[in-house]
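Protein chains in written order, with the numbering used here: chain Y, 1 to 95; chain X, 96 to 573. Virtual Cβ for every residue (Gly too), placed ideally from N, Cα, C. Some notes on the structure that comes next.
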C-alpha cells in the first residue's frame, strides 16, 4: 500500500510532528513499507489465536484504593515554564 | 414527511473512589488547583500506572446491576489526542475489550409502558484535567486535579426515540449509580455528564441518518433542550435540501442552541492501541461474586416491594424509590408511625417534599427526621390532632420548634375530643344563630357547613371534625 504525500502530512499532524518538505517522500516510502509488512502478516491464518494485548503472559495487578500521594505542587511547578494561582499556564486553547 | 428521532447516550460517571484510577493521588472535589496531581497524573517520564481495585469493583457492580457480562478479560488502550489538560498526549481507556458489555435498563414511559434500553458497553477510563480560559495574560490555566479520576463511560444502544426517553434513561441510570454508591451523581460538579448522539431518519427507513454528537450536557434539562434543538435543526436542514454532517456540537444553555465545535475526527484518528504500561485486566469468579454480594436492593426491586408491601400505586412507589435515601426515609416513617402506609406516602411526597424543594435541601438534610414525621403521623392516627392541624405542626417542626408532641403541647393544638365540651360549644353556636337554625330546619341543608365553620372557629380548629359533624347533626335535627 503506497501512502500519498497527503497521508504523511495527516499522520504528522495527528502526532504534532514538524517534518521537513524534502523528507516527505522518504517518510511515505518507509511508512508504506511498514504497511506492506502488516499486510504480509495479515495473510497468515490466525483463526483460533487470541489477539495478544501484551507480550508478557501475566495479568494486571491491582492496588488498594488508598491515597498515598501528598501535595507536591510547589516542587512540580518549580520546573514549569509558567504558572499562576496554582495553575499551569499554556498557550491559549479555545475550541 | 414524518421523521423518527434516534438517540444514543454516552454517560460519564465519575467513580466515587478515594484515590485515582492509576495513582494514589486524592480525588476529592474542590481542592486547590494541582494539589492532587502527582507524577503519574502529570505524565512525567518513567512513571507507571497501577490500577485501582475499587474502580474495577465498582464497574463490576454496575455490570451486574444492568444484567450485563462482566468481562473476565479486558484490555486498556491508549486514545491519542493532543490537548493541554491531557498531559500524556493520550487518555488511558478501553477500546476493543471493555470491562462491561451487553446490558440493559428498563425505563418507564409516561403511558406506564416499560421500554428496554440496550447498553452496549461500559468501560473504565481516566478523566482529563480542566482548562480555564479566563484571562491569564492571553494564556490558558490548567488544573490537573481531575486528571486520572476514574470514569465509567456507559454507552447506550441507539434505542432512544425522543428527548423525553433520553431524559428518562439518564435519570434511571443516575438513580442506579447512586443506589450502587459508585458515583455521587453530582451533576453540577461534573460527576455525572452526558454526550448525546442525535440523528433523524424518515419514519420507516431502516438505515440511520448521519448523527451529530452534542457534548458535555450536565443537567437533565440541558439534555432535553439540547436534543430538542438538535432534532429541529437537523429536520429543518434536511427539509431545506441540506445534509447533516457528522460533527461534535456544543450546547449553549444561555442561547438554548447547539453549535459546531469541530469536525469529528474519524474514530481511527485516535490511533487506539493496547497500552503497553498495563497488563490485561483479569477478573475471576471470586471477584464477581464479591461484587454481587455487595449489591444493595436495586431501584426496580425496591419499587416492586413498595407496591406489594405498602399497597402503593406504581407512581407513588416510583417517586419514593427515586433515591435510596428517600426510600429509606419513607420506610422509617412507616415504621415509626405505625399508620396507614398511604398516609405516610402522602406526607413524604407532599408537605415534606415541598418543604425540601422550597429550601433546596436533600432528604438527608431534612430538619424533620423520619422519626419526627412518624411521631406526628401517630398523633393523627390516635386523634390527638386532625390532618389540618398537622400541617401547622409540621411547619413548626420544620422551623425547628421540636418534635410533634412538644409542638402540640407548646401551642395547645391538642384536638378537643371531649363530647361534652364540643356539645357546649355547639349549643352556644345554635343559641347565637336562631335565624340560620330556623332556615336549616326548614330545608336549607347547605347551612350545615356554616355551623361546622362556626364551631371550628370557636375552637380554633381543634375540635375533632368527625365528632363535630355527628353532634351537630343530632342537635340540629333533634
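If we count the other Cβ atoms within 10 Å of its Cβ and call it buried at 16 or more, is residue i buried or exposed?
i                      : result
residue 428 of chain X : buried
residue 177 of chain X : exposed
residue 546 of chain X : buried
residue 369 of chain X : buried
residue 492 of chain X : buried
residue 52 of chain Y  : exposed
residue 488 of chain X : buried
residue 449 of chain X : exposed
residue 329 of chain X : buried
residue 23 of chain Y  : exposed
residue 298 of chain X : exposed
residue 462 of chain X : exposed
residue 65 of chain Y  : buried
For residue i and residue j, what's the separation of their Cα atoms in angstroms?
i                      : j                      : result
residue 136 of chain X : residue 203 of chain X : 41 Å
residue 19 of chain Y  : residue 12 of chain Y  : 7 Å
residue 139 of chain X : residue 216 of chain X : 31 Å
residue 516 of chain X : residue 406 of chain X : 38 Å
residue 322 of chain X : residue 258 of chain X : 6 Å
residue 37 of chain Y  : residue 43 of chain Y  : 10 Å
residue 359 of chain X : residue 439 of chain X : Model confidence at residue 359 of chain X stands at a pLDDT of 46, short of 50, so the residue's coordinates are unreliable; what they give is reported in the following sentence. Spanning the two alpha carbons is a distance of roughly 52 Å.
residue 246 of chain X : residue 115 of chain X : 10 Å
residue 526 of chain X : residue 571 of chain X : 11 Å
residue 422 of chain X : residue 451 of chain X : 15 Å
residue 95 of chain Y  : residue 27 of chain Y  : Confidence in residue 95 of chain Y is poor, its pLDDT being 48 and thus under 50, which makes the residue's placement unreliable; the coordinate value appears in the next sentence. Each residue's Cα considered, the two are about 31 Å apart.
residue 534 of chain X : residue 544 of chain X : 13 Å
residue 9 of chain Y   : residue 17 of chain Y  : 9 Å
residue 480 of chain X : residue 551 of chain X : 13 Å
residue 142 of chain X : residue 256 of chain X : 46 Å
residue 46 of chain Y  : residue 40 of chain Y  : 13 Å
residue 163 of chain X : residue 213 of chain X : 10 Å
residue 521 of chain X : residue 494 of chain X : 35 Å
residue 320 of chain X : residue 106 of chain X : 17 Å
Measure the Cβ-Cβ separation of residue i and residue j and say whether it is below 7 Å.
i                      : j                      : result
residue 89 of chain X  : residue 465 of chain X : This structure gives no information on residue 89 of chain X, because the portion of chain X shown stretches from 96 to 573.
residue 265 of chain X : residue 318 of chain X : yes
residue 312 of chain X : residue 289 of chain X : yes
residue 434 of chain X : residue 472 of chain X : yes
residue 218 of chain X : residue 189 of chain X : yes
residue 282 of chain X : residue 235 of chain X : no
residue 511 of chain X : residue 553 of chain X : no
residue 196 of chain X : residue 386 of chain X : no
residue 147 of chain X : residue 122 of chain X : no
residue 161 of chain X : residue 200 of chain X : yes
residue 224 of chain X : residue 118 of chain X : no
residue 292 of chain X : residue 132 of chain X : no
residue 418 of chain X : residue 397 of chain X : no
residue 56 of chain Y  : residue 35 of chain Y  : no
residue 59 of chain Y  : residue 374 of chain X : yes
residue 150 of chain X : residue 110 of chain X : yes
residue 504 of chain X : residue 566 of chain X : no
residue 284 of chain X : residue 124 of chain X : yes
residue 226 of chain X : residue 104 of chain X : no
residue 528 of chain X : residue 542 of chain X : no
residue 303 of chain X : residue 294 of chain X : yes
residue 72 of chain Y  : residue 231 of chain X : no
Could you say which of the options lies nearest to residue i if we only look at CA atoms?
i                      : options                       : result
residue 327 of chain X : X:347, X:348, X:345 and X:352 : X:352
residue 248 of chain X : X:237, X:238, X:542 and X:269 : X:269
residue 560 of chain X : X:483, X:440 and X:166        : X:483
residue 173 of chain X : X:199, X:162, X:221 and X:152 : X:221
residue 75 of chain Y  : Y:63, Y:86, Y:67 and Y:66     : Y:86
residue 425 of chain X : X:458, X:408, X:403 and X:396 : X:458
residue 400 of chain X : X:169, X:436, X:240 and X:106 : X:436
residue 170 of chain X : X:105, X:378, X:229 and X:159 : X:378
residue 70 of chain Y  : X:149, X:168, X:227 and X:134 : X:134
residue 411 of chain X : X:441, X:232, X:521 and X:143 : X:441
residue 376 of chain X : X:107, X:152 and X:521        : X:152
residue 332 of chain X : X:302, X:550, X:367 and X:296 : X:296
residue 393 of chain X : X:99, X:102, X:157 and X:447  : X:157
residue 523 of chain X : X:470, X:549, X:508 and X:430 : X:549
residue 432 of chain X : X:477, X:409, X:460 and X:403 : X:477
What does DSSP give as the partner residue(s) for residue i in the beta ladder?
i                      : result
residue 506 of chain X : Paired residue(s): none; residue 506 of chain X is not in a bridge.
residue 203 of chain X : X:209
residue 225 of chain X : X:238
residue 38 of chain Y  : Answer is none; residue 38 of chain Y lacks a bridge partner.
residue 114 of chain X : X:121
residue 289 of chain X : X:106 and X:312
At 8 Å on the CB atoms, spell out the chain C contacts of residue i, in chain order.
i                      : result
residue 178 of chain X : No chain C is part of this structure, whose protein chains are labelled Y and X.
Would the C-beta of residue i count as close to the ligand GDP, meaning under 6 Å from any of its heavy atoms?
i                      : result
residue 154 of chain X : With respect to the ligand GDP, the structure shown offers nothing to examine, as it has no ligands at all.
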